[in-house]
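Line order of the protein sequences matches chains A and B.
The first sequence begins at 1 in the numbering used here and counts up one residue at a time.
The second sequence begins at 338 in the numbering used here and counts up one residue at a time.
Every residue, glycine too, gets a C-beta built ideally from N, C-alpha and C.
2 protein chains.
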Amino acid sequence: MAGIKDVARAAGVSVATVSRALSGRGNVSPSALAAVQQAAHDLGYVVSSTASGLASGRTRNIGVLVPVINHWFYASVLEGICTALMREGYDTTLYQLTKDPAQRHQIFSDFLQRQRVDAVIAVNVELSETEVVALHALDKPLVGVGGPLPGVPTLQVDDEAVSALGTAHLLSLGHTRVGYIGGSSETDVDFRVPSHRRIGYERALAEAGIDLDEALCVGADFTMAQGYTVAKQLLGNPDARPTAIFAASDEMAIGAILAARDLGMQLPRELSVVGVDDHELAEFFGLTTIRQLPHEQGELAVAMLLRAIRKEEPARAHTLGHELIVRNSTSRPPADH
Amino acid sequence: MAGIKDVARAAGVSVATVSRALSGRGNVSPSALAAVQQAAHDLGYVVSSTASGLASGRTRNIGVLVPVINHWFYASVLEGICTALMREGYDTTLYQLTKDPAQRHQIFSDFLQRQRVDAVIAVNVELSETEVVALHALDKPLVGVGGPLPGVPTLQVDDEAVSALGTAHLLSLGHTRVGYIGGSSETDVDFRVPSHRRIGYERALAEAGIDLDEALCVGADFTMAQGYTVAKQLLGNPDARPTAIFAASDEMAIGAILAARDLGMQLPRELSVVGVDDHELAEFFGLTTIRQLPHEQGELAVAMLLRAIRKEEPARAHTLGHELIVRNSTSRPPADH
DNA sequence: ATGAAAGCGCTAACAG
DNA sequence: CTGTTAGCGCTTTCAT
């Protein structure tokens with residue numbers, strides 16, 4: 001395996017010049033640069049990241065903290081991060097932060113302390129006080145995606161605005177009995193996304209001058225199966241059935257669509273449904289939804305982080321855009337008889 | 338940031354002893370061990386992975402190659418890998434191998450050459466001749482999951498047996514017209530999984546003495562949407578409609594279920610459907626399927642790799658188990674009238 | 001079982 | 001713009 005000395009010898013320059021030429025730091029004459037690149041290419045030389053990291057303190061590697069990988073949203077964000085980092089020549093090191101305290105402790109007190117990462121991206125992870133302290137103690141650039149962390153600049157969608165928009169879409173079509181499928185108290189712990197969405201729903205109702213009906217609001221765990229179950233409850237109620245449902249995630253919304261179908265209802269004639277995410281299945285089910293772009297969120301997080309690493313500017317919190325995608329799951333409510 | 342010298346001083350021993358005590362290599366007296374551990378804990382000392390890696394050549398980091406992240410199967414395998422590696426104190430560095438030749442070249446000629454990984458796991462990636470050569474040239478332990486790579490020990494399910502089992506299940510229920518939804522020529526390129534599954538389907542038919550009917554075999558791209566589309570074609574045929582469908586993935590099988598419902602068919606009375614995977618949605622749809630356990634596959638790959646790294650034994654190819662999970666999507670065919 | 005010391009392969013002053 | 005050289009923080013002989 002060729003080393004920097006071999007390249008130096010082959011190019012007829014010193015190792016310092018090779019280092020400068022290959023890293024782009026410091027001045028190198030065009031001729032030396034060309035000679036070094038040629039030699040490096042011929043020898044198949046690649047800088048050793050351990051040696052370079054030890055000497056410079058830079059690793060060209062970013063740690064990514066995620067709560068789960070096997071989930072549409074997280075996997076999408078991760079893909080965006082990974083793609084963007086690779087483009088910049090950075091490696092992506094993945095840390096799955098489970099609920100196991102021992103494992104979490106290991107991550108914060110060992111893995112992240114090993115001097116292996118230049119910076120950290122935390123995707124929707126919920127951290128304890130001490131964990132946040134440990135993160136900050138790394139004294140490395142830090143960016144959050146999706147979940148607000150104390151003192152960590154975060155990219156977020158405005159969940160309240162998202163659900164206000166979804167609800168308003170239904171109201172503007174003429175619906176007055178709009179059900180809400182949100183988080184249960186259990187999932188509520190996660191960053192209050194559910195409660196923010198609930199607030200947006202209520203705000204939209206209030207702005208339309210419609211009283212909130214608690215009987216129309218149910219909680220689920222963001223899965224299709226639970227969306228199905230709770231939607232059946234909502235739709236089975238003989239005297240308080242909603243004509244529309246706003247669900248806080250596409251998976252729950254799809255569950256609601258399937259529940260309505262199983263009840264023999266015609267969509268969207270008898271029931272309108274709106275979700276949130278623009279999940280990969282949303283189009284197939286013709287689901288009207290509020291799109292968020294997790295892939296782009298990941299890319300954006302990387303862009304912010306790199307700017308911070310390069311000291312161009314500190315990372316700052318940022319609100320991400322969202323967009324109403326109208327498909328076939330929404331229409332005017334059935335005419336009253 | 339405390340270094341090994343600080344620990345040595347605090348423990349009253351030499352840095353060599355600290356290194357030995359903390360790495361578990363070489364002999365250390367119990368008293369010295371205790372003193373070192375105490376000192377390290379007090380000082381919050383963690384071995385610098387760059388320094389340790391440079392000096393020892395071991396990085397405690399594994400590179401994982403995946404074609405996509407945002408997909409149930411790959412995300413599950415990745416989760417299994419990540420969990421298992423973490424348990425062993427290893428980091429997971431993720432490389433998404435897209436179709437972009439420039440990016441692929443970067444991964445094989447830069448990223449993997451940086452001396453940052455001790456070994457590589459390749460999940461279902463399809464590599465060119467030169468890429469395989471580059472991988473082997475790393476001279477590091479290598480394990481494949483799901484897709485056979487020349488010269489790389491691989492964990493695989495027996496795709497032929499899987500689909501023979503799924504098809505046989507339907508035949509044993511009495512079906513004689515069993516449709517097949519497999520890969521299209523486009524996805525066929527990926528490791529011949531589709532064609533292996535096709536072969537298993539045909540074998541099961543042959544064993545049951547049933548002639549293959551090409552009209553009952555259609556290709557799709559493994560998504561729910563295409564499964565839906567092609568199933569409609571199959572089911573809409575007035576004089577050659579199958580009474581059962583074996584789909585090479587759960588997502589396509591679910592698409593077929595939805596297609597049948599939209600045609601007003603009663604499942605499983607008028608149509609039986611079997612998938613492959615035991616996807617997270619399979620249970621919700623009551624889908625009978627052949628389960629494979631991607632999470633476990635990831636864990637197994639790690640176990641093999643670590644044994645190879647520790648020189649206990651070379652990695653060897655291995656066939657993974659599968660299991661028929663019977664739910665509500667299969668039953669006897671409707672009685673002929 | 002332990003310590004001294006020589007690297008590991010590169011970067012970054014520093015001097016020129 | 002370029003070369004010399006002293007580390008970066010650990011591991012690992014080699015003695016003892």
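Its chain contains A596 as the residues whose beta carbon lies nearer than 6 Å to that of B/K569, once the 5 sequence neighbours on both sides are disregarded; these appear in chain order. DSSP places A/Q96 in the uninterrupted beta strand (DSSP E) bounded by 91-96. Taking 8 Å as the CB threshold, B/E468 stays off the interface with chain A.
In this structure B/E466 is exposed. Its beta-carbon is surrounded by fewer than 16 other beta-carbon atoms within 10 angstroms. Every alpha helix (DSSP H) of 4 residues or more that sits fully in the stretch 204-237 of chain A is shown, in chain order, as 224-236.
In chain order, Q629, L657, H659 place their CB closer than 6 Å to the CB of B/V494, counting only its own chain and leaving out the 5 sequence neighbours on each side. Note on geometry: alpha-carbon atoms of B/L507 and B/L618 lie some 21 Å from one another. Comparing alpha-carbon positions, the option among A/Q226, A/V7, A/E131, A/S19 lying closest to A/A40 turns out to be A/V7. Selection A/H295, A/V46, A/R114, A/V218 evaluated against B/Q450 yields A/V46 as nearest (Cα-Cα). Neighbours of B/S413 across chain A, judged by C-beta separation under 7 Å: N70. For A/Y45, no alpha helix (DSSP H) run applies, since DSSP gives it neither H nor E.
Relative to the Cα of B/V470, the nearest Cα in the group B/G484, B/V489, B/R357, B/V460 belongs to B/V489. Annotation: the continuous alpha helix (DSSP H) that includes A/E251 extends over 250-262. B/V610 sits close to B/A593, with the two beta carbons spaced by under 8 Å.
Relative to the Cα of B/G381, the nearest Cα in the group A/V66, A/A55, A/Q106 belongs to A/Q106. Three or more Cβ pairs drawn from the stretch 624-639 of chain B and the stretch 577-591 of chain B lie within less than 8 Å of each other, which places the two stretches in contact. A direct Cα-Cα distance of roughly 29 Å separates A/N328 from B/I582. For A/R291, the secondary structure class from DSSP, reduced to helix, strand or coil, is strand. One finds R114 in chain A with Cβ atoms closer than 8 Å to the Cβ of B/V384, taken in chain order. Listed in chain order, the non-local C-beta contacts of A/E202 below 8 Å within the same chain comprise L212, local neighbours out to five positions each way being set aside. Nearest in C-alpha terms to A/V218, of all of A/A335, A/M86, A/G209, A/L234, is A/L234. Annotation: the stretch 431-509 of chain B contains the following complete segments of the beta strand (DSSP E) (minimum length 3 residues), in chain order: 456-460, 479-482, 491-494. Counting along the chain, the unbroken beta strand (DSSP E) around A/F246 starts and ends at 244-247. B/E468 and A/E312 have their C-alpha atoms spaced approximately 37 Å apart. With respect to B/C419, A/Q103 sits apart: the two C-beta atoms are not nearer than 8 Å. Secondary-structure assignment with DSSP links A/S272 through a beta bridge to A/A244. In this structure, B/E497 lies near B/I536, with their beta-carbon atoms less than 8 Å apart. In chain order, N61, I62, G63, V64, R116, V117 place their CB closer than 8 Å to the CB of A/T93, counting only its own chain and leaving out the 5 sequence neighbours on each side. Within chain A, I69, L94, Y95, Q96 have C-beta atoms less than 9 Å from the C-beta of B/C419, given in sequence order. Along the stretch 615-669 of chain B, the alpha helix (DSSP H) occurs as fully enclosed runs of 4 or more residues at 631-646, listed in sequence order.
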